[in-house]
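Chains as they are written, first to last, in the numbering used here: chain A, 1 to 267; chain B, 1001 to 1450.
Here it is in structure tokens:
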């Protein structure tokens, strides 16, 4: 027993030595500008690694895709988004003005709508090997036996070699073992309402399910600030303030400009 | 003769329906076969093929040898051909169809042809015949002005083209490529892999010529000519002009690997051609000052590779269109066409997302309960799930594009951004204004927000 743990520790040290020897082991991070997130992740989202974003429920597809787009905003470079034609039917097609609203310039995006998951994974590997790509988003719905440990390991190795950040978006799927650096669970969260009970900025409940060599299990309620391109903590009290249909007086000097507030007269 | 009469004469007559489409396909196939002699091949309906062999005949050992080669090839396909060469396409067509006996020279042969060789309308031909003009020679000897006055301009212009008095050209079936490179084999090669390898050699040849001209191609079309007359086309495209034979070959290999029906060499290819239909300026590639290869093209190469393997329509880029109907406002164009990235409107500062991240096209119908028929939704059922609306904003009214419609009408849409009890945000709309446009307007979910 003792002997085997010793052996494991020895192997770990050996691996660490090998990893340090490689130039790619010096991970660059993309900062979140969110103190807590950056602290837990050791400085931000690791570039050139494989990250998984899970939406356990198909109804949260919008939130998970939004989270991937928000991460893509920060990563920079060209973004190649690969999805299947059936995902487009089930979840709707990616809408360029909506990407603008999140802060992602659609001109940076190359969209691939492919016939099946196998084509997505095969094309995904090609994309990840291309060093000019900033981030690759691989969107797959449901259980995917083809995306096993080997396939994800292949993606992760390719990502480390080329420096492309890979975001694997799994909608309506159970987490399976993978070579991902981090794994996130994303769910929609009630937004902090604006005047007159209007739905507010994109709000997400984000859980760090797994992190290689780091703390995990942390959970945040985040709101995406598109103008600053960063996450901020959602103000929960604001979230409970206005029930359905309530008339809220227009607050002078509120977060909105007077022009926007004037037409925001819901109902 | 009527079919019944014919059957009475020959009891075991086989009758086949006339199929003009099949005839045309055969003629097109023959034109493809003739493509190996000259890039200028035109179809002469209903049953002819015209080749412009200017400057090509010597490659086959002169006109006679070329004609013999064509004839041998057609006999191999169990076709009988009548052929003629002349200074004008019309002359050659007329001689091939109507010449009955050999003549001393081309002019004499043309003069001897009947006026049917002009291929005029039936009444014009009858008028000429009634006037006693039976051959082209009869017409050619006469001044043109009286002929035009009596028999029409068309007769005279047909005569002029036939006799070469005006310049007449054929319109080729396919526009001739800017550059093409070909390889002929004395012994047909029977392996498809070898055939693809030949493309590589041709691509290197092309790269040399393109480098001399400081140009690159965006489309490379390979053609495999089988010895039994079948022709197979393969083409690859790139989003940036290129002349790198390695890149071109990789695309061809992708293309071959992705073929649903593999290249069948049959009894072998006796010629392979690589054509560059259009060339564009391309400066010599330069390495970066700070070291490393110039890899700006890596992304373009990736797009090319994926588009070649998966189909050009599957890899897309977004382009904005000037319309306010949401589903028509964005066009996803093939990325390989490389439209210049257009600027997208920046959303207003401080506003939440007003347009959804995912859009359904067509919009999906939902059952909605609202407090008043023209009010906001209270709860809705979509995909068998009931959603309680907690917050909403709207309506944002988007009118139909009545100026584009025939009836100058169309239903107005009232859009609401709503958030349900679980925090999911939807984009719903009511199709048609209550009472003024529809007594019972229907609801749709059009998009999902992040």
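For every residue, glycine included, the Cβ atom is placed at its ideal position computed from N, Cα and C.
Is it buried or exposed for residue 1436 of chain B, if we count other Cβ within 10 angstroms and need 16 for buried? Residue 1436 of chain B is classed as exposed because its beta carbon has fewer than 16 other beta carbons within 10 Å across all chains shown.
Following the continuous beta strand (DSSP E) through residue 135 of chain A, name the residue where it begins and the one where it ends. Residue 135 of chain A -> beta strand (DSSP E) spans 133–141.
7 Å CB neighbourhood of residue 94 of chain A in its chain, flanking five on each side removed: If you ignore the 5 residues before and after residue 94 of chain A, its C-beta comes within less than 7 Å of the C-beta of 81, 111, all in its own chain and listed in chain order.
Output needed in chain order: residues of the segment 1352–1366 of chain B with a Cβ under 7 Å from some Cβ in chain A. Under the 7 Å Cβ criterion, the segment 1352–1366 of chain B contributes 1352, 1353, 1354, 1355, 1356, 1357, 1358, 1359, 1360, 1361.
Does any CB atom of chain B fall closer than 8 Å to the CB of residue 79 of chain A? Taking 8 Å as the threshold, the shortest C-beta distance from residue 79 of chain A to chain B does not fall below it.
Could you pull the DSSP bridge partners for residue 1364 of chain B from this structure? DSSP, once it has assigned bridges, lists B:1445 as partnering residue 1364 of chain B.
9 Å Cβ cut-off: residues of chain B touching residue 33 of chain A: Taking a Cβ-Cβ threshold of 9 Å, none of the residues of chain B is close to residue 33 of chain A; the smallest such distance is about 18 Å.
Roughly how many whole angstroms lie between the Cα atoms of residue 184 of chain A and residue 1318 of chain B? Their Cα atoms are separated by approximately 28 Å.
Compare the C-beta of residue 1347 of chain B with all C-beta atoms of chain A and state if any pair is closer than 8 Å. Closer than 8 Å to some Cβ of chain A, the Cβ of residue 1347 of chain B qualifies, so yes.
By DSSP's criteria, residue 1041 of chain B is part of a beta bridge. Which residues make up the other side? According to DSSP, residue 1041 of chain B bridges with B:1051.
Is residue 1070 of chain B closer than 8 Å to residue 1173 of chain B when the C-beta atoms are compared? Against a cut-off of 8 Å, the Cβ pair of residue 1070 of chain B and residue 1173 of chain B comes out as no contact.
Near-chain B residues of the segment 188–201 of chain A (beta-carbon distance less than 8 Å), N- to C-terminal order: For the segment 188–201 of chain A, the set of positions with a beta-carbon nearer than 8 Å to some beta-carbon of chain B reads 188, 189, 190, 191, 193, 194, 196, 197, 198, 199, 200, 201 in chain order.
For the beta strand (DSSP E) containing residue 1163 of chain B, name the first residue and the last one. Residue 1163 of chain B -> not in any beta strand (DSSP E); alpha helix (DSSP H) instead, spanning 1153–1163.
With DSSP run on the structure shown, which of helix, strand or coil describes residue 1319 of chain B? Correct three-state label for residue 1319 of chain B: strand.
State yes or no: is the beta carbon of residue 218 of chain A nearer than 8 Å to at least one beta carbon in chain B? Not one chain B Cβ lies under 8 Å of residue 218 of chain A.
Buried or exposed, going by whether 16 or more other CB atoms sit within 10 Å of the CB of residue 1280 of chain B? Residue 1280 of chain B should be labelled exposed.
Report the neighbours of residue 1315 of chain B on chain A: residues whose CB is nearer than 8 Å to its CB, in chain order. Within chain A, the residues near residue 1315 of chain B are 110, 111, 112.
Just checking: is the beta-carbon of residue 1246 of chain B within a distance shorter than 8 Å of some beta-carbon in chain A? Not closer than 8 Å to any Cβ of chain A, the Cβ of residue 1246 of chain B fails to qualify, so no.
On a CA-only basis, which of A:139, A:229, A:99, A:193 is nearest residue 87 of chain A? Give me that one, please. Of A:139, A:229, A:99, A:193, the residue nearest in Cα terms is A:139.
Under the rule that 16 or more other beta-carbon atoms within 10 Å means buried, what is residue 1001 of chain B, buried or exposed? For residue 1001 of chain B, the number of other beta carbons within 10 angstroms of its own is below 16, and it is reported as exposed.
Let me check understanding here. Comparing Cα to Cα, which of B:1037, B:1050, B:1047, B:1049 lies closest to residue 1057 of chain B? From the listed residues B:1037, B:1050, B:1047, B:1049, the smallest Cα separation to residue 1057 of chain B is found for B:1037.
Hey, is residue 123 of chain A's beta-carbon within less than 8 Å of any beta-carbon in chain B? True, the Cβ-Cβ gap to chain B drops below 8 Å.
Same chain, Cβ closer than 8 Å to residue 1420 of chain B, five either side skipped, listed in chain order: Only 1387, 1388, 1389, 1390, 1426 meet the Cβ criterion.
In the DSSP output, which residue or residues are listed as bridge partners for residue 1490 of chain B? Because chain B spans 1001 through 1450 in this model, residue 1490 of chain B falls outside it and cannot be assessed.
Hey, out of A:129, A:226, A:33, A:133, whose CA is closest to residue 1348 of chain B's CA? Looking at the Cα atoms, A:226 is the closest of the given residues.
When the Cβ atoms of the segment 1106–1117 of chain B are set against those of the segment 1083–1095 of chain B, are three or more pairs found closer than 8 Å? By the Cβ rule, the segment 1106–1117 of chain B counts as touching the segment 1083–1095 of chain B, because three or more pairs are nearer than 8 Å.
Which residues bound the beta strand (DSSP E) around residue 97 of chain A? Taken as a continuous stretch (DSSP letters only), residue 97 of chain A belongs to no beta strand (DSSP E), being part of the alpha helix (DSSP H) at 96–102.
Am I right that residue 1424 of chain B and residue 62 of chain A are in contact with their C-beta atoms under 8 Å? What's the rounded C-beta distance? The C-beta separation of residue 1424 of chain B from residue 62 of chain A comes to about 7 Å, placing the pair in contact by the 8 Å criterion.
Candidates A:126, A:99, A:35, A:169: closest to residue 84 of chain A by CA position: Residue A:169 is the option with its Cα nearest to residue 84 of chain A.
Decide if residue 186 of chain A is buried, meaning its Cβ has at least 16 other Cβ atoms within 10 Å, or exposed. Result: buried.
Show which residues of chain A have a CB atom less than 7 Å away from the CB atom of residue 1306 of chain B. Neighbours of residue 1306 of chain B on chain A, chain order: 112, 123, 126.
Three or more C-beta pairs under 8 Å: does that hold for the segment 1304–1312 of chain B against the segment 1390–1399 of chain B? At 8 Å Cβ cutoff, the stretches do not touch.
Contact list for the segment 92–105 of chain A against chain B, Cβ threshold 9 Å: Considering only beta carbons, the part of the segment 92–105 of chain A lying closer than 9 Å to chain B consists of 92, 93, 94, 95, 96, 97, 98, 99, 100, 101, 102, 103, 105, in chain order.
List, in order along the chain, the chain B residues whose C-beta lies closer than 7 Å to that of residue 227 of chain A? In chain order: 1349, 1350.
Along the chain, where does the beta strand (DSSP E) containing residue 112 of chain A start, and where does it finish? Annotation: the continuous beta strand (DSSP E) that includes residue 112 of chain A extends over 109–114.
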